[in-house]
Amino acid sequence: MLIKILIETDMSSKNLEIKITESLLMEDRVDTIAISASIIALAHTLNKKVIAEGIETIEQLSMLRTKKCDIGQGYYFNKPLTAEEFKSYLAEKSTFLKILN
Numbered sequence: 521m522l523i524k525i526l527i528e529t530d531m532s533s534k535n536l537e538i539k540i541t542e543s544l545l546m547e548d549r550v551d552t553i554a555i556s557a558s559i560i561a562l563a564h565t566l567n568k569k570v571i572a573e574g575i576e577t578i579e580q581l582s583m584l585r586t587k588k589c590d591i592g593q594g595y596y597f598n599k600p601l602t603a604e605e606f607k608s609y610l611a612e613k614s615t616f617l618k619i620l621n
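Take the sequence shown: its letters are residues 521 to 621, numbered as in the working numbering.
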């Protein structure tokens, strides 16, 4: 099992973010779930945000929500978009949300 944990900082380390990469999410095993939960708990103890990359399934998203992961990204939500595609996507979703309200 390969586990990658990314720690990204800006020039001052005040804005530290901890990322859980897709390599940890790909295996739906008790140990990888425990490791993810531990990483999230540690980051929150340090008052840092956790970003999960590579979310592809509702099960992965559900587990991360249960463990209180702050931010998620991946193909479950959408494929990577260009700036123009994102503008269109955002406009479409914005219209949809207005209809729901």
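Cβ atoms here follow ideal geometry from the backbone N, Cα and C, with glycine treated the same way.
Only a predicted model underlies this, so the values are computations on that prediction, with no experimental measurement involved.
{"query": "Distance, Cα to Cα, T552 vs P600?", "result": "26 Å"}
{"query": "Among V550, L562, E604 and R549, which residue has its Cα nearest to the Cα of C589?", "result": "L562"}
{"query": "Give me, in chain order, the residues of the same chain whose beta-carbon lies closer than 6 Å to that of N621; leave out the 5 immediate sequence neighbours on both sides.", "result": "Low confidence applies to N621: its pLDDT is 47, below 50, so where it sits in the model is not reliable enough to give any reading."}
{"query": "Can you name the start and end residues of the alpha helix (DSSP H) that E576 belongs to?", "result": "From DSSP, E576 is part of no alpha helix (DSSP H); its letter is neither H nor E."}
{"query": "Can you give the beta carbon distance from K587 to I555, rounded, assuming they're within the 8 Å contact cut?", "result": "Going by Cβ atoms, the distance from K587 to I555 rounds to 11 Å, so no, they are not a contact pair."}
{"query": "What is the rounded straight-line gap between the Cα of E542 and the Cα of E605?", "result": "24 Å"}
{"query": "Is G574 closer than 9 Å to L581 when the C-beta atoms are compared?", "result": "no"}
{"query": "Can you tell me which residues form a DSSP beta bridge with K569?", "result": "E537"}
{"query": "Between which residues of its own chain and S614 is the CB-CB distance below 8 Å, once the five residues before and five after are set aside?", "result": "none"}
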